[in-house]
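Structure first, then comments.
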Amino acid sequence: MKSKQEFYLKTVTTSVAVALSGMASAAEEGALPEVSVSAKKEASYKVDRASSPKFTEPLLNTPKSITIINEELIQARGLVSLTEVLRTTPGVTLGAGEGGTPLGDRPFIRGYEASTDIMVDGIRQVGRFSHEIFNLESVEIIKGPGSMQSGRGSTGGVINMVTKKPKAEDFTTAGVTWGTDQTKRLTLDTNWAITDEVALRVNLMHHDANVAGRQSVELERKGIAAALAIGLNTATRANVSFYHFESDDIPDQGLPFDTGGTLKKPPRVDRDNFYGFKDRDFREQNVDQITLRLEHDFDHGFTLRNTSTYTRSTNEYIFTRPTFGGCGNSVSNAQKQTAYANGVVSQCYRGGRRLSEGYLNQTDYFGSLDLWGMKHNVATGFEISKEELSDGGYTATGATEGTTGLYNPSPVGAPGAPFSRTGYGDPFKFNTRAWYVSDTIHFNEQWQANVGVRLDYYRVVDTGNPTVHRSDRMFNYAAGLLYKPAPNGSVYFNIGTSTNPTGETAGQSGGADGVAGGRLFAGNMNVAPERTRAIELGTKWDILDNRLSLTAAIFKTKKTDARAYDAATNSNALVGDNSVEGIDLGAAGNITDKWSVWGGIVFMDPVLDSFKSSATADYSGNQSKFIAKRSGSLWTMYKVTPELSVGGGATYTGKRYVNDANTMYFDPTWRWDASATYQVNQKLSLRLNVLNLTNERIYDASHVGIFAVMAPGRSALLNATYHF
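Here is the structure:
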């Protein structure tokens, strides 16, 4: 793998030099704060509020299902990426991209894709790339239609990653992880309180590992995040942050799957079989993001916040897709069956380059006021964004594909074709302007209502062919009524909408038909946005002296204007219909001072009520692909002694179909994990995690049944964390 240590070390050195210079200046002025010792807060998996000011109430009083995985839980479970967080979250399943889309960047929440609904600190993320967690305080899964808060899409839910912020104290935490499969991971989290009002926080990460249970698959990732806060604990504050992430991986498309009808499940071969070329295949990602946030607290109880973010990311890849019967689009079922019977796998070439750039500016104005004898918690604001996504590729003058054995593939000996890059083409351009307002009205101590509306002006254009474009004005709303039978409990009902415009995944998704996707081309540019409405009835309780949160909700999401094949016009139109209804149960917090728990169970019925993808393919009544009807996760830790904590958990994923025809599927699976933590002293702690204890054969995802991506096998990780 290529080394970029020079850039990495230069960036780290510069950041440290700036911090030391600031500390020295503060020391000369006598401004360094006194060091104080305080008792360490007991770790808990319970979170009381969402991070966004658009949610004006604590979670207990928010009429919406929100699952939060905080830093304590992430560390206890030994998770190191967003993919791993989502893999163990009930109600979330993973999908695989057709091209170089990283696996964890195509999640499905409550039955609907959320690949374009990933946020960082409430700001929409531009482009698709792997997401690390070394700079995160928590991951928020905001379930149900969220277009009122988040804008376009947000049908099944939104994923919001909350980053670490500078604090008015000095601390440094260094972590070292060793593990099976040559795992080596280094992290550093350091915070300098330069003055009482100025602080700098820097997070560093280097990760190098193979993937458990997979031959030749490697991951190498590096990252740096630096944030400078000015005006801490004052009425006017500024926070400027920089994030850089890069990776150099060997991508893995797992096992060939589609045998032309011979098999309904992936072929039973050795789980570590790798059908790519380890000396050729690669995926390199680079992400740079700069964010400036300005805030001011007014005397009348309101806060004005403005956030500007610029993001640039590249995703370049060459990898091998394993298939049966050849690599073209016209391979017949008979050819696939013959290849499977003979144990021959085609090694199909895929290569591409993607460049994403985006500028987003978001202004929020929020606070409380008394009006007409009632308390109102109000949030309003507007957003402006400009995004560009460009595609490039690779050309070869010789062979790019080959064949190998199904049962004994060889990862060496790639075709010898020399590759050269092609330039980025004319980009797809996205422009958004939006305004929203939300009000939580407190009628009395028992009753409150939450109402909100949002108006988006959205335009997407293919600059390579400007005649292909789409403009929409989208209106969405959310309304909820909440009753508090006791101060520690609530019962609520809500209704909300979402909108998926044509072209929302332009430049990010493949396929030429666009029936089920959000691409933009001449054949679908006149198709109006898909519209969804959902209802939810739920209850939330904080029990055991508010240490433990319990939630329960029943919900139904209905998309009555879904893209599908229209026989009357022989084209795409909003004639489809799909729905998901279910039950969502959750728990988070402490049962006793020694016993912590986090978990949930989700029952869903995802149905294609009415859907055709062609004149002859009618899948109405089938189960929606990629979605499990039942899923659950439970994690618990118990403090045996003041120094020793032990625990573990289980994650269940039910049967998932991988195609609309429901002829191919993954079996239900259980994954068991275990953990033990020993506090050596106040500064040093040791943690052992064993993941997938039983080495369960788990499939993460598939791309419409063409291949089956395997989840990692059994692994063990030993972590040492030192607090300075």
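In this text, residue positions in the sequence shown follow the numbering used here: the first is 5, and each later residue adds one.
Using N, Cα and C, we set each Cβ at its ideal position, and we do this for glycine too.
Just so it is clear, the structure is predicted and the values come from calculations on it, not from any experiment.
Exercise for review: Using DSSP bridges, identify the partner residues of A557.
Suggested key: As a first step, residue 557 must be located in the sequence shown, where it is residue number 553. Bridge partners of A557: G542, D588.
Exercise for review: State the DSSP-derived secondary structure class of A47, mapped to helix, strand or coil.
Suggested key: Residue mapping note: residue 47 aligns to position 43 of the sequence shown, counting from 1. Correct three-state label for A47: coil.
**Study point:** Coarse secondary structure for V221, derived from DSSP in three states
**Key:** As a first step, residue 221 is located in the sequence shown; it is residue number 217 there, counting from the start. If DSSP states are grouped into helix, strand and coil, V221 belongs with coil.
**Study point:** Alpha-carbon to alpha-carbon, N685 and L548
**Key:** By 1-based counting over the sequence shown, the position of residue 548 is 544. By 1-based counting over the sequence shown, the position of residue 685 is 681. Taking the straight line joining both Cα atoms gives about 30 Å.
Check your understanding: According to DSSP, is Q257 helix, strand or coil?
Key -> The residue given as residue 257 occupies position 253 in the sequence shown. Three-state result, Q257: coil.
**Study point:** I710 classed as buried or exposed, judged by whether at least 16 other C-beta atoms fall within 10 angstroms
**Key:** As a working mapping, residue 710 is identified with position 706 in the sequence shown. That one is buried.
Point to revise | F771 and R309 closer than 9 Å at C-beta | key: Residue coverage of the chain in this structure runs from 5 to 728, which leaves residue 771 outside it and unanswerable.
Practice item. Report the rounded CA-to-CA distance for V166 versus G409, giving the unit in angstroms. Key: Walking along the sequence shown from the start, residue 166 turns up at place 162. Walking along the sequence shown from the start, residue 409 turns up at place 405. Straight across, the Cα-Cα distance linking V166 with G409 is about 45 Å.
Point to revise | Separation of A453 from G484, as counted between CA atoms | key: Within the sequence shown, residue 484 is the residue found at index 480, counting from 1. Within the sequence shown, residue 453 is the residue found at index 449, counting from 1. The alpha-carbon atoms of G484 and A453 are separated by roughly 6 Å.
Check your understanding: Who are the near neighbours of K390 in its chain, counting only those whose CB is closer than 6 Å to its CB and skipping five residues on each side?
Key -> The residue labelled residue 390 in the question sits at position 386 within the sequence shown. The residues are Y363, N435.
Point to revise | Within 9 Å, strictly: CB atoms of M714 and R218 | key: Locating residue 714 in the sequence shown gives position 710, counting from the first residue. Locating residue 218 in the sequence shown gives position 214, counting from the first residue. It is a contact, given that the beta carbons lie within the stated cut-off.
Point to revise | Element boundaries [beta strand (DSSP E), containing N480] | key: Start at 1 with the first residue of the sequence shown, and residue 480 comes out as number 476. 473-490 is the span of the beta strand (DSSP E), which, as asked, contains N480.
Point to revise | Which listed residue (D185, A231, T199, V202) has its alpha carbon closest to that of E224 | key: Reading the sequence shown from its first residue, position 220 is the one you call residue 224. Among D185, A231, T199, V202, the Cα nearest to that of E224 belongs to D185.
Exercise for review: Answer with buried or exposed for G183, where buried requires no fewer than 16 other C-beta atoms within 10 angstroms of its C-beta.
Suggested key: Start at 1 with the first residue of the sequence shown, and residue 183 comes out as number 179. Answer is buried; the Cβ neighbour count reaches 16.
**Study point:** First through last residue of the beta strand (DSSP E) which encompasses I78
**Key:** Counting from 1 along the sequence shown, the entry for residue 78 is found at position 74. Per DSSP, I78 belongs to no beta strand (DSSP E); it is in the alpha helix (DSSP H), 75-81.
Point to revise | Residues near D301 by beta carbon distance below 8 Å, same chain, minus five either side | key: Along the sequence shown, one-based indexing puts residue 301 at 297. Answer for D301: A239, T240, T307, listed in chain order.
**Study point:** Counterpart residues of I605 in DSSP-defined beta bridges
**Key:** For the purposes of this step, residue 605 is taken as residue 601 along the sequence shown, with counting starting at 1. Partner(s): L589, G636.
Practice item. Go through the region 112-164 residue by residue and report every complete run of the beta strand (DSSP E) that reaches 3 residues or more, in order. Key: 122-124, 140-147
Practice item. Under the assumption that A3 contacts V579 (Cβ atoms under 8 Å), give the Cβ distance between them as a whole number of angstroms. Key: Nothing in the structure corresponds to residue 3, since the chain is present only between 5 and 728.
Exercise for review: Output yes or no for whether 9 Å exceeds the beta carbon distance between I145 and G161.
Suggested key: Position 141 of the sequence shown, counted from the start, is the residue given in the question as residue 145. Position 157 of the sequence shown, counted from the start, is the residue given in the question as residue 161. Taking 9 Å as the Cβ cut-off, I145 and G161 qualify as a contacting pair.
Review point. Among T426, F249, S494, which residue has its Cα nearest to the Cα of Y398?
Key: The residue you call residue 398 lines up with position 394 of the sequence shown. Comparing Cα-Cα distances from Y398 to each of T426, F249, S494, the minimum goes to T426.
Check your understanding: Would DSSP call N65 helix, strand or coil?
Key -> Here residue 65 refers to the residue found at position 61 of the sequence shown. Looking at N65 - three-state DSSP - the assignment turns out to be helix.
Review point. With which residues is L192 paired in a DSSP beta bridge?
Key: Numbered from its first residue, the sequence shown carries residue 192 at position 188. L192 is bridged to A178, L208.
**Study point:** Start and end residues, beta strand (DSSP E) containing T408
**Key:** Here residue 408 corresponds to residue number 404 of the sequence shown, with the count starting at 1. Start and end: 406-409.
**Study point:** Alpha-carbon spacing of L524 relative to T509, whole angstroms
**Key:** Along the sequence shown, one-based indexing puts residue 524 at 520. Along the sequence shown, one-based indexing puts residue 509 at 505. Cα to Cα, the separation comes out at about 8 Å.
Exercise for review: Would you please state the rounded distance, in angstroms, between the beta carbons of I198 and F246? I believe it to be under 8 Å.
Suggested key: Here residue 198 corresponds to residue number 194 of the sequence shown, with the count starting at 1. Here residue 246 corresponds to residue number 242 of the sequence shown, with the count starting at 1. That belief does not hold up - the Cβ atoms of I198 and F246 are roughly 17 Å apart, past 8 Å.
Review point. How big is the Cα-Cα spacing for E117 and N492?
Key: Here residue 117 is taken as the residue at index 113 of the sequence shown, counted from 1. Here residue 492 is taken as the residue at index 488 of the sequence shown, counted from 1. Approximately 34 Å, taken between the alpha carbons.
Check your understanding: Do the region 48-58 and the region 68-76 make contact, defined as three or more Cβ pairs closer than 8 Å?
Key -> With a cut-off of 8 Å, the region 68-76 and the region 48-58 count as touching, because enough Cβ pairs lie within range.
Point to revise | Endpoints, beta strand (DSSP E) assigned at N381 | key: Position 377 of the sequence shown, counted from the first residue, corresponds to residue 381. From DSSP, the beta strand (DSSP E) with N381 extends over 378-400.
Check your understanding: Shortest alpha-carbon distance to V441 belongs to which of N365, E405, H380, A592?
Key -> Your numbering for residue 441 matches position 437 in the sequence shown. Among N365, E405, H380, A592, the Cα nearest to that of V441 is on H380.
Practice item. Can you tell me which of the three DSSP states A720 falls into? Key: On the sequence shown, position 716 is the one that residue 720 refers to. Per DSSP, reduced to three states, the secondary structure at A720 is strand.
Exercise for review: Quickly, what does DSSP pair Y462 with across the bridge? List them, please.
Suggested key: Translated into the one-based positions of the sequence shown, residue 462 becomes position 458. Per DSSP, the beta-bridge partners of Y462 are T436, D476.
Review point. How is the beta strand (DSSP E) around T498 delimited, first residue to last?
Key: Reading the sequence shown from its first residue, position 494 is the one you call residue 498. Here residue 498 turns out to be Asn, not Thr, going by the sequence shown. Element bounds for N498: 493-504.
**Study point:** Three-state secondary structure (DSSP) of E88
**Key:** For the purposes of this step, residue 88 is identified with residue 84 of the sequence shown, where counting begins at 1. Helix at E88.
Review point. Applying the criterion that 16 or more other CB atoms from any shown protein chain within 10 Å of the CB defines a buried residue, is A520 buried or exposed?
Key: Residue 520 sits at position 516 when you count from the first residue of the sequence shown. The pLDDT assigned to A520 is 49, lower than 50, so where the model puts this residue is not dependable; a value taken from the coordinates is nonetheless given after this. With 16 or more other Cβ atoms within 10 Å, it is buried.
Point to revise | Given R357 as reference, the closest of L589, P431, F728, P505 once Cα atoms are compared | key: Within the sequence shown, the letter at position 353 stands for residue 357. Minimum Cα distance to R357 is reached at P431.
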